[in-house]
Every structure is written in structure tokens, then in C-alpha cells.
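Trainee:
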Amino acid sequence: MITAIVCIAGIGLVASFVLAVADKYLSVQEDPRIGLVLSELPGANCGGCGFAGCDAYARALVEGTAPNGACPAGGEAVAAKIAGILGVEASATEKRVALVKCCGTRSEAIRVGDYNGICDCNVAAMTAGGDKGCVYGCLGYGACANVCPKGAISIYDGLAKVDKRLCIGCGKCVSVCPKKLIELVPSSATIHVLCNNPDKGPSVRKVCGVGCMGCHLCEKNSGGKEAGHFTFQGFLAKVNYSNPPTDEQIVAKCPAKCMSVDPLLESGH
Amino acid sequence: MKVVKSAFKFKGGVHPDYNKGLANNKLIEALPMPSELVISMSQHLGAPAKCIVKPGDYVSRGQIIGERNGFISVCVRASASGLVKAVEKRLGPAGGKADAVILDTTASAPEGVEMLGDGPVLKPLDWENSSREELIARVEEAGICGMGGAGFPTSVKLNPPPGKRCEYLIINGAECEPYLCADHRVMVEKASRIRLGVEIMRKILGECAVRIAVESNKPDAIQALSEAFADISGNVEIVVLSVLYPQGSEKHQIFATVKRIVPEPPALPIDVGCVVENVSTAVAIADAVEKGEPLLERVTTVSGDAISEPKNILAPCGTKYSDLVQFCSGTKETPAKVISGGTMMGFAVPSLEIATTKTTSGILLLSSRRVFQYTSGPCINCGRCVRACPMCLNPADISKAVEANDISDAERAHVMTCIECGACSFSCPAYRTITQFCRRAKNSIRARIAAEKAKAAAAQNAAEKKEIQK
Amino acid sequence: MSGYLIILVGAVLVNNFVLSRFLGCCPFLGVSKRTETALGMSGAVIFVMTVASAVSWCIDHWLLKPNDLDYIHTLAFILVIAALVQFIDIAMKRFLPPLHAALGIFLPLITTNCAVLGVAEINFKQQTGFGEAVFFSFAAAVGFSLALVIFSGIREKLEHADPPRCFRGVAIALVTGGLLSLAFMGFSGLVKLPY
Chain A
1 MITAIVCIAG IGLVASFVLA VADKYLSVQE DPRIGLVLSE LPGANCGGCG
51 FAGCDAYARA LVEGTAPNGA CPAGGEAVAA KIAGILGVEA SATEKRVALV
101 KCCGTRSEAI RVGDYNGICD CNVAAMTAGG DKGCVYGCLG YGACANVCPK
151 GAISIYDGLA KVDKRLCIGC GKCVSVCPKK LIELVPSSAT IHVLCNNPDK
201 GPSVRKVCGV GCMGCHLCEK NSGGKEAGHF TFQGFLAKVN YSNPPTDEQI
251 VAKCPAKCMS VDPLLESGH
Chain B
1001 MKVVKSAFKF KGGVHPDYNK GLANNKLIEA LPMPSELVIS MSQHLGAPAK
1051 CIVKPGDYVS RGQIIGERNG FISVCVRASA SGLVKAVEKR LGPAGGKADA
1101 VILDTTASAP EGVEMLGDGP VLKPLDWENS SREELIARVE EAGICGMGGA
1151 GFPTSVKLNP PPGKRCEYLI INGAECEPYL CADHRVMVEK ASRIRLGVEI
1201 MRKILGECAV RIAVESNKPD AIQALSEAFA DISGNVEIVV LSVLYPQGSE
1251 KHQIFATVKR IVPEPPALPI DVGCVVENVS TAVAIADAVE KGEPLLERVT
1301 TVSGDAISEP KNILAPCGTK YSDLVQFCSG TKETPAKVIS GGTMMGFAVP
1351 SLEIATTKTT SGILLLSSRR VFQYTSGPCI NCGRCVRACP MCLNPADISK
1401 AVEANDISDA ERAHVMTCIE CGACSFSCPA YRTITQFCRR AKNSIRARIA
1451 AEKAKAAAAQ NAAEKKEIQK
Chain C
2001 MSGYLIILVG AVLVNNFVLS RFLGCCPFLG VSKRTETALG MSGAVIFVMT
2051 VASAVSWCID HWLLKPNDLD YIHTLAFILV IAALVQFIDI AMKRFLPPLH
2101 AALGIFLPLI TTNCAVLGVA EINFKQQTGF GEAVFFSFAA AVGFSLALVI
2151 FSGIREKLEH ADPPRCFRGV AIALVTGGLL SLAFMGFSGL VKLPY
């Protein structure tokens, strides 16, 4: 009995002594904050931050090479906690949400062919630019919906719609869209131009009933050019999101019916 | 010169329904000049040409309207004289919009208005007494790119980088795509021009062996070529290939003729000492050098079971498909699908308003009996695509990975080696569109590599700026 | 020599640690999602199991046997193995940083791995010589690695499959593991087992 106790205690003592010595002379110093930051991160290793997993992002954060708040899964709560650990402010950005800049539903925008391939926008876009007459518009095969980590995007009537309440603004849909028509906009902005076709009015009308023709009426109705609520690219009006319009009257006055008051909320299914 | 049978067979391959009989005995007919041409600036592989004309300009036939824009690029010349009506983005056969010059060929320059670049475009060259550089420059200024389908700039191909020597010049006359017989007719009718083109290329590349690869289902082409090449000097062979798709693919042709294997991209055929040129390209080179005639027109097969009279048409580059169809007496019935190129690798196009390019070897109008509306099912792991894949890939795995949005797994399965020949989709009993999956994976991998490069370049720029500031 | 061959075949195929003895199931499920991590884990397990069995043999024969303390061998082995793995972790971090980066995250997982303790226990029960004990541990670890790598390959493919919703994830992985175990039963009777 005594021998057993002595023996186990002896082994334990020797082992702990060896480990203590090893820790003293062999250990590598590591910033303790890495562990703390890592414990705050969600640990999903989703790569949404642009780093290879949470561990890599935590290291980059502590080294100061990565911006705080880049973790889409954790969101603001995690960013605030990490800011506390690192003793820096979280980069105070307004919440941004994805906006699909197209409103050409199946009934409004013509389809020029029958697409009979994989149900994926990127593949459809490789086949003669997709089956939609408007080569700038949403194809509605759901590439964005497939990559959305929150299931915030769904397809209604051949058109992708974003649920503002679910969107975390990770930007995955922006990069996957072959037509580049998804944009991250401030979630407080309510008035949007839902068109991505910079062509002249007549050629837009040929392919879509609700395409922007660049008539500048929205600009006029919102206080003219000086007010700076809109910018124009070719024959396409764009909302200037650093100075968004607030007067919802202009939406009803749009002759092309391509403007909308917060389309992001419509899809709350 | 001798005719030999190819002793090497690559792994995989399929036997689609060839349907060549529709047009392979039809003589090449020249198309009367259409009233409007749509000349794309992106008719070749690589950077699109830079358009140098503006609406209202009068241009003459053969004049440069698009300048070479980068190393992998070729110039674009006006296929006919006329008035530039507009310069705008037009849909190309492969999807995607590119700048195109809309030319009204009926308009002639009024008195006093200067035609741009009037007069003979290029002088005929005495090729035997010209230097190699002169000949390469001529191929370049004639705007010649590979006419088999990919459209790689020929002057780049004929000018191997230092340290690499061409041992074999392979002339590709396999034309393994179903329906198409443009190259077949060129071989039958223009065998002597092909010979001249071969001799010029041999002069450019230095002494090298020549292999002319023809599939055995074109006996008349083999006959015509062997007559034309009968008294040629040097190591020249006509290699008769067995009928197998994709025998016309560059890599498989190299294997079938000289048994060499081109490594994974970015390796090129020149890395194994081979240069592969299409028969039509050889004719274009002969015309450019001997007659001073730039590449302005090409033979295009218009075929399919919906067309009234399938034909092989010599048409200016930029002819709208609708003009070609009209020349073939229109359609018998409403086509269910229009394909630019062959059935295996061609692109379905949404309208006949699309125009031909230097690489358009055929247009197919297929009726609803030939076009099959399918629904893809799940992979049943039968392995037919693995057996069919001529690049020894595992298309089933790749397609499943892409379907699950796992592009990196597809990359590990060497999807970048895929030549998009379509043999996997053709052989799939579950009607899975495997080739499309591969193309999607390749596109996103290319996009990712480009983004990484841009990022690295930007980082380097920023670092350099910091250095300067210091 | 043939004795060693029998040990090898017996430990790798016939009495595979994971698939026949059901030891080390935790890492078998935990780190088999990707082949790369499975290979890293395999390397760590082979290394630790070989070293741990050597040390536990020494403890057994030089400390426990002379003092007639066989009955506390489990306790002693756990203590020694845990300390050993910790020590290796620290030492490797210092002297072989690249290897630590590759195996490092797996080492803590092995600390309390039943496969490591299991091999020491089996060695204790069999009372073989030092060479045979160490070789058996090595072979057992190789068997573990084989099962892990095969399983990770299957799981990579499974990720692209579309099983019914209730089967997704670990559920279908367990079914696959069971099938793999069944497959390995085919090796039984291949050699006359010393263990």
C-alpha cells in the first residue's frame, strides 16, 4: 500500500519536475491575447474573414494586420469583445446588407431561350450570357442563395431577393454573382434603384419592362444634380449611398418603375 | 512522303453520331457580300483588339480596324469596304459581350471623303527568299489566329521562345466534331494551298518533320493531300488516325501522331517540341504570304437537320448567322437549338443575330427531334465518364465536388487539365452536365488566380510607393 | 523475423485498433474530415504510441514488477503517458517548429487517447520482450493510421453526396465506419494471432 502511494507520487513528482524544467527552459513565448481572442471567435473556421480559419484570424488580429470586425459570423458583438481584449476600438461601420439591383421578374424581363443546364447562374452565364434578354440582369438561378451562409437570399419569380434581417453583409454573394449586380448598401438606406443595365433607353426597353432608361427624373425630383442623391453610369441611375435620398415620393414618379422603397424587407418569409 | 496509319491510341474518347454526310460532299460556295457585317474585336484567344475606327468612318477591305493589344492578341481587319455604322458591345458566340464594328457594306465613300487605308493592303511576298522574321511579321499583320476553334495567335505559336525547338509540325485535319466538314472540304479543294502553307511554316520553324493528321473517315481528303504532297522533300507523313472523338484535340493529336504527352497546363505543345496548326490556318498563311491576302474570310459549315440545304460557305468574318441561314435557303422547320461550332464543344446561341468570327467552323440548326430536353439526375457512380475522359481525369468526382460548391476539391482532382471536350457529358447515363461543372470550376479557379495576382501586384505597388516615399 | 511479420499483419489488418478493437474512436471520428489532417494525426499517433509503449514497458519492468505493484499499472501508465505527451509537445515546439505546426494541434488530443493507453495495457498483459512490445505498438499505430486515412478518404467523398437529411454529418459517418469495420472483419483468420 505504502509502496504504491510512494511509487505513484514519485512518478508524478518526477514527471512534474521534468515538465516544469521543460516549461522554464524550452517553452516558446506566445502572446496570451491570441488565446483570448480565439476563445471569443465563433470557431466555425468558415473563412469569411479572408483568413484560413479562426486561429489565423486571431493571430492576425493580435499582430494588428487584420481589421477588427471582419468576422461575418460573429458580427458586432464579437468585434466589441475582441476590441476589449486588444484595447482598440472596433472599426465602427454601419451595418451593410446585400442589395440585388434588378427587378426584372419573369413577367417583366424577356427570356431569349430555354436554358436547360445546371441550375447555377455562373454556368448559365457561360452559355451565351444566360437566357435573359438583358445581359446585366439577375438570372435567378440562385448562385448567391447557395453561398449565403445565413439563408438570407431566396429566389422569387426568377429574381434573387435578400432578407435584410438575416443578411450579415459578408459579401459572399457579391463575389459569386456572374453579373456583378449585388452590392452591399447601408441598411438604413430605404430608396434603391433596382436596375443594372447601363444601355440606352430603347435597348433596355427591348429586353425589360422595368429597366432604368437614364431619364434623370429621380434626380430632378430629389432636388436636382446639386443635391447629389444620384450618380449616373451611362444610362443608369445609381443611388449615392453616402448621401441617400429620403423622399419616398420619387419612387412612385419613376417612369420605368425600377425604383423601390426598401425591397429588402419584402421577402420576410 | 508517305501515308501511314497512326499506331497510338489515346485513352478514353467517345463515338458520337457524326452526321457528316449532310454537308461533306458539298463544294465550298462563296457567300455574296452581306449588306451588314458585325466584326468583333474578340475573335481570338487572349486580349481583344483595340478598336481604332469610329462611327462615320469609311473603311476599305483589308484595312486594320482593331489593333493588336498585347502579346497574346491579333489585329482585326475589315472584311469588306464600307461605312462604320456603329461601334458597340455585341454578344459573341461564346457568350459575353465584346466591342464590335457594325459595317454597312453597301455604302461607298462619297466624292471627296477620304477612305481610310485605301489601296493594296499587303504586298505578296516571295516566301523562298524572305527571312523568317519577315514571314512571322506577315502572319501577324494578316491577323491570323488558329482556325480550329481556340483561336490562339498563330504568330506567337510559330515563334517558339528561345531554347525551345520545334521538332514536329503537326497539321490538324482530324475535324472530329460531328456535323462539321469545313476543314474536310478545305483539304479536298485546297490541298495545294495547304502544301504551300506547310512549306512556309516549315521555313519559319526551321527544319522539322511534318505530320498531317487526318481521320480515316475522310478518304477523299487523304487522297487529295497525298497527291498534293507527293513530291515534297523532307520528312513529311500523312498520318491516318482512327475515328474517335476528340482526335482533333491538340494534345491527343500529338499523342496519336508522335506519341508525346503534353504535361499539365501551363505547359504548351512546344514544350514537347510540337507545333499544331489547323489545315485552314495553313491555307490562311499561304494566302497571306503568297497573295498578300489577310485573313478576312473562312469556310463555315452550315448544317443540321433543320436547315434546308446544308452547305459549306466561304463567308467574310463578321457575317451574321441569319445571312448564312438565308443563303442555305432558310430552315425546313423551326430549329430547337442553334449551336455555334460542333455539337460536342460548340456553344448554344440565343439568336441568329450573332456574327461569325475567325474561329467559327460551323453553325448547326437542330430540330426538336435532335435536341433532347433532359433533367440531370444524381451520379450513380457507373464510371462511364471516367472511361470516356481522354485526359484521364475523374469527371464524376469533379462534378460532384462542384455540385457541392467545393471548388478546391475539384482543383485537387486536376480539373484545370480538362479540355472541355464533352465526352463525359456525352457518356453520362444520368444526363449530368459534367462538362459544364468542369467549366464552372475552371472559371472560378481562373478568377481566383487572377484576383490573387492582382492582389500581389497591388501589394507590390504599395510597397514600392512606400520605398519611394522613404 | 516471421514473428515480427505476424505482429505487423495481426496488428494492422486482423486486429485493427479502431475497426476490431474499437480503440481510438474519438480521433477516428474527430479528425477524419480531411485526408491532410488525418495524415497529420496518423504521424502524431505513430510517434506517440511507439514512444509511450517503450516508456511504459520500462516503467512496468523496472519499477512496478520489482516492487510487486502490478495492480496500479493503469494509474502509472496514464500518468506517464500524459506527462510524456506534454513534454513532447513542449520540446517539439522549441526544436522542431515545422513538425509542431503540422502535428501540434493533434498532440493534446492524443494525451488521453484510449488507443495509446490500450497498447500499453495489451503489452502489459502479454508480457513480451522490449523489441516486440515496441514493434507491436508501432504496428498498431500504423493500423490506426490506415483506418483513419481510408475513412477520411471516404468522408471526403461523402461530403459531396446527398444523403437523407437525418443521415447527414456524423450519422452517415458512423454508418460508414461500421461498414468499414465489417470489411476489416474479412481479415480475421489471416494469421494465427499472438495477440
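So the sequence lines, in the order shown, correspond to chains A, B and C.
The numbering used here puts the first residue of the first sequence at 1, with every later residue one more than the last.
The numbering used here puts the first residue of the second sequence at 1001, with every later residue one more than the last.
The numbering used here puts the first residue of the third sequence at 2001, with every later residue one more than the last.
Every residue gets a Cβ at the ideal spot worked out from N, C-alpha and C, and that includes glycine.
Please read all numbers here as calculations on a predicted model, not as lab measurements.
1) Which of the three DSSP states, helix, strand or coil, is assigned to residue 1110 of chain B?
2) By the three-class DSSP mapping on this structure, what secondary structure does residue 6 of chain A have?
3) So the alpha helix (DSSP H) residue 1185 of chain B belongs to, where does it begin and stop?
4) When Cβ atoms are compared, which residues of the region 1404 to 1415 of chain B fall closer than 9 Å to chain C?
5) If distances are taken between C-alpha atoms only, which option among A:9, A:186, A:257 comes closest to residue 98 of chain A?
6) Can you list, in chain order, the residues of its chain with a C-beta nearer than 7 Å to that of residue 2142 of chain C? Leave out the 5 residues immediately preceding and following it.
7) When the distance is taken between beta carbons, is residue 1031 of chain B closer than 8 Å to residue 1319 of chain B?
8) Count the other CB atoms within 10 Å of the CB of residue 1427 of chain B; is the residue buried (16 or more) or exposed (fewer)?
9) Looking at residue 1216 of chain B and the ligand PLP, is the gap between the Cβ and the nearest heavy atom below 7 Å?
10) Counting only C-beta atoms, is residue 26 of chain A closer than 8 Å to chain C at any point?
11) Distance check for residue 2038 of chain C and residue 109 of chain A, CA to CA, integer angstroms please.
12) Would you list, in chain order, the members of the region 2066 to 2087 of chain C that have their beta-carbon closer than 9 Å to a beta-carbon of chain A?
13) Taking its Cβ as the centre, do 16 or more other Cβ atoms sit within 10 Å of residue 1025 of chain B, making it buried, or is it exposed?
14) Inspect the beta-carbon positions of residue 1360 of chain B and residue 1417 of chain B and report whether they are closer than 8 Å.
15) Under a three-way DSSP split, which group does residue 1278 of chain B fall into?
16) Take every Cβ of the region 2090 to 2098 of chain C, pair it with every Cβ of the region 2018 to 2027 of chain C, and state whether three or more of those distances are shorter than 8 Å.
17) Could you spell out the range, first to last residue, of the beta strand (DSSP E) harbouring residue 259 of chain A?
18) Below 8 Å on the Cβ atoms is my guess for residue 1228 of chain B versus residue 1185 of chain B; work out the distance and round it to an integer in Å.
19) Please identify, using Cβ separations under 9 Å, the residues of the region 2153 to 2186 of chain C that lie next to chain A, in order along the chain.
20) Which residues share a DSSP beta bridge with residue 1315 of chain B?
21) Quick one: what does DSSP say residue 1439 of chain B is sitting in, helix, strand or coil?
22) Could you please give the first and the last residue of the uninterrupted beta strand (DSSP E) stretch that includes residue 1094 of chain B?
23) Excluding five sequence neighbours on each side, which residues of the same chain lie with their C-beta closer than 8 Å to the C-beta of residue 267 of chain A?
24) For chain C, check one thing: does any of its Cβ atoms lie closer than 8 Å to the Cβ of residue 1400 of chain B?
25) Does the region 1137 to 1144 of chain B come into contact with the region 1172 to 1180 of chain B, if we say contact requires no fewer than three beta-carbon pairs (one atom in each stretch) closer than 8 Å?
26) Residues of chain A with a CB under 8 Å from the CB of residue 1351 of chain B: which are they?
27) Can you name the residues of chain A whose CB is closer than 9 Å to the CB of residue 1097 of chain B?
28) Identify whether residue 146 of chain A lies in helix, strand or coil by the three-state DSSP scheme.
29) With DSSP as the reference, label residue 2061 of chain C as helix, strand or coil.
30) DSSP on residue 1163 of chain B, reduced to helix/strand/coil?
31) How would you call residue 2174 of chain C, buried or exposed, if buried means at least 16 neighbouring beta carbons within 10 angstroms?
32) DSSP three-state call for residue 270 of chain A: helix, strand or coil?
33) Are three or more beta carbon pairs between the region 1043 to 1061 of chain B and the region 1076 to 1088 of chain B nearer than 8 Å?
34) Cβ of residue 1378 of chain B less than 8 Å from any chain C Cβ?
35) Would you tell me roughly how many angstroms separate the C-alpha atoms of residue 12 of chain A and residue 67 of chain A, rounded to the nearest one?
36) Looking at the C-beta of residue 123 of chain A, does it have a partner C-beta in chain B at a distance below 8 Å?
Mentor: Looking at the coordinates:
1) If DSSP states are grouped into helix, strand and coil, residue 1110 of chain B belongs with coil.
2) Helix, per DSSP.
3) For residue 1185 of chain B, the enclosing alpha helix (DSSP H) has its first and last residue at 1182 to 1189.
4) Under the 9 Å Cβ criterion, the region 1404 to 1415 of chain B contributes 1404, 1406, 1409.
5) Nearest C-alpha to residue 98 of chain A: A:186.
6) Excluding positions up to five away in sequence, the list reads 2012, 2046.
7) Closer than 8 Å, so yes.
8) Counting Cβ neighbours within 10 Å, residue 1427 of chain B comes out buried, since at least 16 surround it.
9) Absent from the structure shown: the ligand PLP. Ligands present: none.
10) Chain C contact via Cβ: present.
11) Rounded to whole angstroms, residue 109 of chain A and residue 2038 of chain C show a C-alpha spacing of 51 Å.
12) Listed by position, the residues of the region 2066 to 2087 of chain C near chain A (Cβ gap below 9 Å) are 2067, 2068, 2069, 2071, 2072, 2075, 2076, 2079, 2080, 2082, 2083, 2084, 2086, 2087.
13) The Cβ neighbour count for residue 1025 of chain B, taken over all protein chains shown within 10 Å, is under 16; the residue is labelled exposed.
14) No, these two residues do not count as a Cβ contact at 8 Å.
15) Strand at residue 1278 of chain B.
16) Taking 8 Å as the limit for Cβ pairs, the verdict is that the region 2018 to 2027 of chain C does not touch the region 2090 to 2098 of chain C.
17) 259 to 261 is the span of the beta strand (DSSP E), which, as asked, contains residue 259 of chain A.
18) 15 Å between Cβ atoms; not a contact.
19) When CB distances to chain A are screened at a threshold of 9 Å, not a single residue of the region 2153 to 2186 of chain C falls below it.
20) In the DSSP output, where bridge partners are listed per residue, residue 1315 of chain B has B:1298.
21) Three-state DSSP puts residue 1439 of chain B in a helix.
22) Per DSSP, residue 1094 of chain B belongs to no beta strand (DSSP E) and is neither H nor E.
23) Here the model assigns residue 267 of chain A a pLDDT of 45, short of 50, so the residue's position is not dependable, and the following value carries that caveat. So the qualifying residues of the chain are 154, 156, 161, 162, 163.
24) At least one beta carbon of chain C lies nearer than 8 Å to the beta carbon of residue 1400 of chain B.
25) Contact fails: fewer than three Cβ-Cβ distances are below 8 Å.
26) Per Cβ cutoff of 8 Å: 112.
27) The contacting residues are 129, 135.
28) Helix, per DSSP.
29) Reduced to three states, the DSSP call for residue 2061 of chain C is helix.
30) DSSP places residue 1163 of chain B in coil when its eight states are reduced to three.
31) Classification of residue 2174 of chain C: exposed, given that the 10 Å Cβ count is below 16.
32) As shown, chain A starts at 1 and ends at 269. That puts residue 270 of chain A outside it, with no answer to give.
33) Yes: at least three Cβ pairs fall under 8 Å.
34) For residue 1378 of chain B, a Cβ of chain C is located within less than 8 Å of the residue's own Cβ.
35) Cα to Cα, residue 12 of chain A sits roughly 45 Å from residue 67 of chain A.
36) Cβ-Cβ to chain B under 8 Å: yes for residue 123 of chain A.
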